[in-house]
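Reading through the structure tokens given below for one structure.
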Amino acid sequence: MKAAVIQEHGGLDRVRIEQVSDPEPTEDEVALNVHSAGLNHLDIWVRKGRPGLKLAMPHILGSDAAGVVLAVGGNVTNVSIGDKVILNPGLSCGSCEYCKSGEQSECISFGIVGMTRPGTFAEQVAVPASNVFAKPSHLNFDEAGTLALSYLTAWRMLMTRARLKPGQTVLIHGIGGGVALCVLQLAKRAGAEVIVTSSSDEKLTRAIQLGAEHTINYRKVDDVAQCVKDVTSGRGADVIIDTVGAATWPIDFSAVRRGGKIVLCGVTSGPNVETNLQMLYWNQLTILGSTMGSDEDFRQMLKAVTTARLKPVIDSIMPLESVREAMSRMEEGKQFGKIVLKISK
Ligand SMILES: NC(=O)c1ccc[n+]([C@@H]2O[C@H](COP(=O)([O-])OP(=O)(O)OC[C@H]3O[C@@H](n4cnc5c(N)ncnc54)[C@H](OP(=O)(O)O)[C@@H]3O)[C@@H](O)[C@H]2O)c1
Ligand SMILES: [Zn+2]
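This is how it looks when you write it as structure tokens:
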């Protein structure tokens with residue numbers, strides 16, 4: 566089969582379209598015919614590599630997928646050949662204390678399809694059957710193929726970790742990001758008032774169309790936190806959703822209200838920060854880390870997306886062969902919404 570692989574970590578030129586063997590599902594797995602696969606920033610991290618990440622090469626990139634079940638292992642009962650499905654890319658052991666308490670994304674051996682096993686930028690992928698769910702019927706394959714990783718992460722940050730309430734104010738940094746945009750949609754559905762930032766006025770206009778009440782171009786203003794204070798009568802945001810890290814962390818502490826929550830899931834701009842601990846305790850802040858989500862988060866997210874008939878915002882759809890162009894567009898932050906690789910018809 567055809568797949569987007571790396572033979573070693575590095576730049577875009579390391580990504581190649583190659584012929585590799587078809588995957589063979591074990592007794593507890595299914596093989597999917599991948600119709601569409603959305604890009605995530607994770608694909609870039611995996612391509613670049615990081616200390617401690619040891620992959621069997623060649624490695625197939627990609628974590629999200631929507632497709633059709635092609636083959637099922639002997640123990641599989643939850644899906645059948647021909648079912649239209651999406652993939653939850655989170656991999657957990659099922660037996661550690663965190664899995665047993667239902668917190669699969671806290672698993673001691675937590676992994677992700679496309680990072681710790683071959684990914685979805687391929688004509689076929691084999692995955693545990695328990696990671697496969699019926700495709701929401703209001704979404705086509707391209708939309709459904711972008712759903713899992715971003716919406717799951719957004720759901721857990723906003724609903725499970727921050728416990729957002731209707732009427733609260735949420736600040737979302739960098740609305741061009743995949744998770745950020747899902748947070749906007751979910752926060753509006755939950756009845757929140759939303760402030761978004763971006764480097765692009767065009768993206769801010771699109772965010773207003775999706776329901777954002779207040780916008781800040783972080784390239785054009787000197788003090789993002791002051792802008793947040795200005796639109797919240799000096800109070801600050803109840804909840805801050807940060808996927809950016811080092812560049813936004815100092816802003817978070819000035820833009821959050823007393824007793825407010827800062828939720829972080831990513832460090833696109835870097836992981837190392839200085840924190841004024843006095844601000845943390847004096848203002849009685851809650852800092853929450855968040856990674857993907859539990860099986861229950863996934864089920865709740867799917868139910869919410871289906872009930873509200875939410876549709877992922879699609880930036881562009883490209884063939885598998887354009888994987889380098891797709892990754893480059895994401896790396897340069899040009900996208901608004903998800904970039905999709907269309908793999909099989
Ligand atoms: N822990 C988890 O489970 C998990 C899950 C998903 C993602 N992540 C991580 O979260 C991060 C975001 O990933 P993603 O795929 O959602 O998004 P992405 O597409 O990588 O997000 C890029 C966006 O970040 C924004 N940005 C960059 N620098 C900024 C700055 N200085 N200030 C404000 N915004 C800035 C830009 O928004 P504008 O274009 O609007 O300026 C840019 O378009 C990545 O680091 C990823 O690895 C973690
Ligand atoms: Zn576990």
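Residues in the sequence shown are numbered from 566 upward in steps of one, following this note's numbering.
Glycine is no exception: its CB is placed at the ideal position from the N, C-alpha and C atoms.
With three or more CB-CB distances shorter than 8 Å, the stretch 869–886 counts as touching the stretch 743–761. In the structure shown, H606 adopts helical secondary structure according to DSSP, grouped into three states. Going by C-alpha positions, D629 is about 37 Å away from Q849. For the options Q572, I582, G732, the alpha carbon positioned closest to that of R889 is the one of I582. About 19 Å separates the CB atoms of N705 and N653; that is not less than 8 Å, and the two are not in contact. Around the beta carbon of N605, a 10 Å sphere encloses 16 or more other beta carbons of the protein chains shown; the residue is thus reported as buried. The way I'd put it, the stretch 618–636 doesn't touch the stretch 719–739; fewer than three beta-carbon pairs between them come closer than 8 Å. Membership of E583 in the beta strand (DSSP E) is indicated by the continuous run 580–584.
Checking the 6 Å criterion, the Cβ of I740 is within range of a heavy atom belonging to ligand 1.
Residue environment for V786: exposed (fewer than 16 other C-beta atoms within 10 angstroms of its C-beta). Burial is judged here by how many other beta carbons sit within 10 angstroms of a residue's own beta carbon; G679 has at least 16 and is buried.
Taking 7 Å as the cut-off, the beta carbon of L717 is found closer than this to the beta carbon of M866. In this structure, ligand 1 has a non-hydrogen atom nearer than 6 Å to the beta-carbon of M857.
When the alpha-carbon of K910 is set against those of A631, D593, R579, M622, the nearest one is in A631. Y716 has its Cβ no nearer than 6 Å to any heavy atom of ligand 1. In the assembly as shown, I673 is an exposed residue. Its beta-carbon has fewer than 16 other beta-carbons within 10 Å. The C-alpha of M844 lies about 16 Å from the C-alpha of V804. Checking the 6 Å criterion, the Cβ of Y783 is within range of a heavy atom belonging to ligand 1.
Remark: the C-beta of S764 is in contact range of ligand 1, defined as less than 6 Å to any heavy atom.
A Cβ-Cβ distance of about 10 Å is found for the pair T813 and G831, leaving them out of contact under the 8 Å criterion.
Membership of I773 in any beta strand (DSSP E) is not indicated; the residue belongs instead to the alpha helix (DSSP H) covering 766–774. For P683, the CB contacts under 6 Å within the same chain, skipping 5 residues up- and downstream, are I625 in chain order.
The closest heavy atom of ligand 1 lies less than 6 Å from the beta carbon of L607.
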